[in-house]
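Shown next, in structure tokens, is the structure this report addresses.
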Amino acid sequence: MSADFSARALALAGACAGGIEVHSAVAEFRELIETLGLVHSVCGAWTGVSAHRVHRFFFNDWPEDWLALYNERQIFADDPFVEEARRSMTLYLWSEVETRRPLTPRAQAVYDIGRDYGWREVVGVPIHGPMGYQGLVSLASFEAVTFSPQERACLDLISRAIHERCRREIGFGLVSEDMPKLTAREIECMQWVAVGKTDWEIAQVLGISRSTAHFHIEGAKRKLGSSSRSECVTRLALYGLI
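Structure follows, in structure tokens:
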């Protein structure tokens, strides 16, 4: 890796943390990754759960025919590359995902579709935030490319920087509601609910009565506006409270 590449990467990250105009930042990002053979990129995020989930692309220069094919084949729901973003904290490669764990027949078919199209390597940088926020920056090449540890570190740095600059521009994923104020006992009871314990079992573990355990669980549900225990657990997990 050249000293120029690392210097430009650091400069871009600094500019993104400051007030650089978004279009200029994205243009510099694309120009920089292209020096490593990565000719297409997409940056986006999703937040919320179930029917309330919202997806947003911040920028996307995937080839139009690939996007059409991706949507036509309904690949997103079964894309192992996207699924890896939910499991990983750091940069990963398309070629690595295929060897990390056995692929389902559908996931293998997705790889076959990608190879037939012409993709040879894709870099993924996963982003994780509060309330179930997930982002992904993907950088793709039609050539078999390899990266040094230093190049991977720089790609990780600038991908996170450009994602945050774009996200900040529109305020996507901001948590507007106040964090619910649960008591320590309510959180403790819900932690046991999350692993499948009943009121009676929670009472035995905590040395309290069954009715007291139930009281604290119902209190947690009420404070989070949840109609069921499973919904309450999900919301608490999104808040990072359990």
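Just so you know, my numbering puts 238 at position 238 of the sequence shown, and the rest follows in order with no gaps. Just so it is clear, CB atoms sit at the ideal spot from N, CA and C, and this is done for glycine as well.
- With a cut-off of 8 Å on Cβ pairs, the region 189-207 is not in contact with the region 137-157, counting fewer than three such pairs.
- For the 8 Å CB-CB criterion, G225 and E186 do not form a contact.
- T212: member of the alpha helix (DSSP H) spanning 210-224, first to last residue.
- R56 is bridged by DSSP to A45.
- Contact between L36 and A9 does not hold, since their C-beta atoms are separated by about 10 Å, which reaches or exceeds 8 Å.
- Here the alpha carbons of L155 and A184 stand approximately 41 Å from one another.
- Across the structure, L69 and D112 are spaced so that their CA atoms are roughly 13 Å apart.
- If one requires a minimum length of 4 residues, the alpha helix (DSSP H) runs lying completely within the region 105-139 are 105-117, in chain order.
- The DSSP-derived three-state label of S230 is helix.
- The C-beta distance from A107 to P80 rounds to 4 Å, short enough to meet the 8 Å contact threshold.
- The beta-bridge partner set that DSSP reports for H40 consists of A140.
- Taking all protein chains shown into account, K221 has 16 or more neighbouring C-beta atoms within 10 Å of its C-beta and is therefore buried.
- When DSSP states are grouped into helix, strand and coil, L91 belongs to the coil group.
- Note on geometry: alpha-carbon atoms of L157 and L236 lie some 30 Å from one another.
- One Cα belongs to T99, the other to S41, and the distance between them is close to 23 Å.
- Taken atom to atom, the span from the alpha-carbon of I162 to that of A25 is near 7 Å.
- S2 sits in coil when the DSSP states are folded into three classes, being neither helix nor strand.
- The residue from R73, V39, D4 with its alpha-carbon nearest to that of S141 is V39.
- A77: not part of any alpha helix (DSSP H); DSSP gives it neither H nor E.
- E143 and R120 do touch by the CB rule: their CB atoms are close to 6 Å apart, below 8 Å.
- For the set G129, A27, R160, the Cα lying nearest the Cα of V123 is the one of R160.
- Spanning the alpha carbons of L67 and I202 requires a straight line of approximately 50 Å.
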